[in-house]
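First up is the structure itself, then whatever we jot down about it.
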Amino acid sequence: MNLRRSAPPAPEQRLLTRAAAALACRIAAGFLAALALLGFCAYRVVLDEQRTQARDQLTAALRFGHPTEATPCVWLFELDGTTVLHPPQIPAGFPWKSAVSQAADGAPAIQTHVTVTGTDYDVMTVRHGGTVRQAVFDTWYQQADLDHLVRALVLVGLLGVALATIVGALLGRRSIAPLGDALDRQRRFVADASHELRTPLTRLHTRAQMLLRWHREHPPSDGDSDRLTSELTAMVQSAAELNDVVEDLLMSAGMRTDPARCEEFDLATLAAEVIEAERPRLGARVVALNTVGELLMIRGARSPVRRMIATLIDNAVSHTEPTGRIELSVRQAGRGIVELEVTDDGTGFDPADRERIFERFAQSGSPGPHHFGLGLALAREIVADHGGTIRAVGRPGAGATFTVRLPATA
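As structure tokens, then:
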């Protein structure tokens, strides 16, 4: 016996793959954000330490240095009138005359950053009596250290993001695996239940057909023949519809539309057939069908679309008074779109529940015991499976409108 687990169908597999990819991207993004914050903090700490080091170097040179002594990366200038004392080799552009002039005018000692011939320097100038001393610090090595730090952070970031993406992908697959197993079990349950229901429904359909055929061959003598024929015909149709439901369950177990069951049909004609089939339940309610256009063709599986329309009508019937009014409108809504609209003058619903009513067995967020069943959720799945959308608009006591938009055939 082959116990190999079946792979999820293509649409389901794509959803799981996208979920795993999204999880991996979030892990990578989180790691990148953490690394960027850590790198920024490290950069700021190193930069502040370098500035402190440069300030200490300049302060020490101004206090204890001698202009004629050469110190690595530090030059000291002493200006007394027209006399300038400085080390044997000095960078071009120094002493920095604007700072000397400011210090000579009595400005306090200020550390400034200047760029001369492509090289960055920190300069501090101070006045002692009639003498102005200026210390110059070359920041080339500090800038080189910062550049090395940035390159290292970028390299670590790239490697870290790649590693985080790989780890995220593995964790994503492992996290999504239970969901795939749950979907697989659900699919098997639906398939098994559908197979178990198929046999008794087939028997019911067959016996109803046999009874109808026998009745037609042996009509009763009383005046109830037409009524009995009508009821038997309805029984055969109901059995056929139940059989279609089972077939749809089998199809939905694979979460894909069987191309062999798709066909082109007129949505307005199908809506009229559903209304006629629902006549016995309508009572005194007025149901109007309005169509705009001659052929409002769509492509899909006729049985699920029929059930979707029946669900919307059933929902309208359940929420309208026995003498209420229900309107169905089928029309073109833009290029390549056929729109079905079901409007009633019933109890309506809270606008806050316009999305919740399409959830399976959801409960209303408004006060009161409002519960939603399975019908509208299945209707939305049918619409989505045919590439369309469904939305609801309503207010308490002012009725509701359900609008379905489906792709039209070319």
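If you use my numbering, the sequence shown corresponds to residues 1 to 410, in order.
Glycine is no exception: its CB is placed at the ideal position from the N, C-alpha and C atoms.
Bear in mind the structure is a predicted one, so any value in this text is a computation, not a measurement.
If you check the CB distance, W75 and P87 come in under 7 Å. For the 7 Å CB-CB criterion, D266 and L312 do not form a contact.
According to DSSP, residue pairing for Q111 in a beta bridge involves M124. Contact between the segment 300–311 and the segment 382–398 is present, with at least three C-beta pairs closer than 8 Å. Approximately 4 Å separates the beta-carbon atoms of A135 and A61; this is inside 8 Å, confirming the contact. Nearest to P407 by C-alpha distance, out of A377, G336 and T347, is G336. According to the DSSP assignment, T83 belongs to the beta strand (DSSP E) that extends over T83 to L85. Here A99 has T112, V123, T125 and Q134 as same chain residues with Cβ atoms under 7 Å from its own Cβ, once five neighbours each way along the sequence are excluded. The beta carbon of G168 is closer than 8 Å to those of L23, A24, C25, R26, I27 and A28 in its chain, skipping five residues each way along the sequence. Per the coordinates, the alpha-carbon of G160 lies some 15 Å from the alpha-carbon of L170. Leaving aside the five residues that flank V393 on each side, the residues in its chain whose CB is nearer than 6 Å to its CB run, in chain order, T401. With fewer than 16 neighbouring CB atoms inside 10 Å of its own CB, L158 falls in the exposed class. Rounded to the nearest whole angstrom, the C-alpha separation of G39 and A54 is 22 Å. Here DSSP, grouped into helix, strand and coil, assigns L406 to strand. Here W75 is bridged, per DSSP, to V136. In the displayed model, L296 falls within coil according to three-state DSSP, outside both helix and strand. Between V292 and I275, the C-beta gap is not smaller than 7 Å, which leaves the two residues out of contact. For G375, the enclosing alpha helix (DSSP H) has its first and last residue at G375 to D385. When DSSP states are grouped into helix, strand and coil, Q57 belongs to the helix group. The closest CA to that of L376, considering only H386, G388, E78 and E359, is found on E359. Under the DSSP definition of a beta bridge, S329 partners with N290 and E341. 7 Å or more divides the Cβ of C262 from the Cβ of R285. Around the beta carbon of R127, a 10 Å sphere encloses 16 or more other beta carbons of the protein chains shown; the residue is thus reported as buried. Measuring C-alpha to C-alpha distances from Q142 to each of T52, D80 and R216 identifies T52 as the nearest.
With fewer than 16 other Cβ atoms from the protein chains shown falling within 10 Å of its own Cβ, M210 counts as exposed. Residue state for D181 is assigned as helix, using DSSP reduced to three classes. In this structure, A271 sits near I309, with a CB-CB distance shorter than 7 Å. By a beta-carbon distance limit of 8 Å, L328 contacts L289. Their separation comes to about 5 Å. DSSP links T131 through a beta bridge to H128. When secondary structure is reduced to three states using DSSP, F358 falls in the helix class. In terms of CA proximity to L149, Q50 leads the group Q50, A19 and R395.
In this structure, F137 lies away from L85, with their beta-carbon atoms at least 7 Å apart.
With respect to the 7 Å criterion, A316 and G348 are not classified as neighbours on the basis of their beta carbons. Where I390 is concerned, the enclosing beta strand (DSSP E) starts and stops at T389 to G394. Counting along the chain, E263 sits inside no alpha helix (DSSP H); it lies in the beta strand (DSSP E) bounded by residues C262 to D266.
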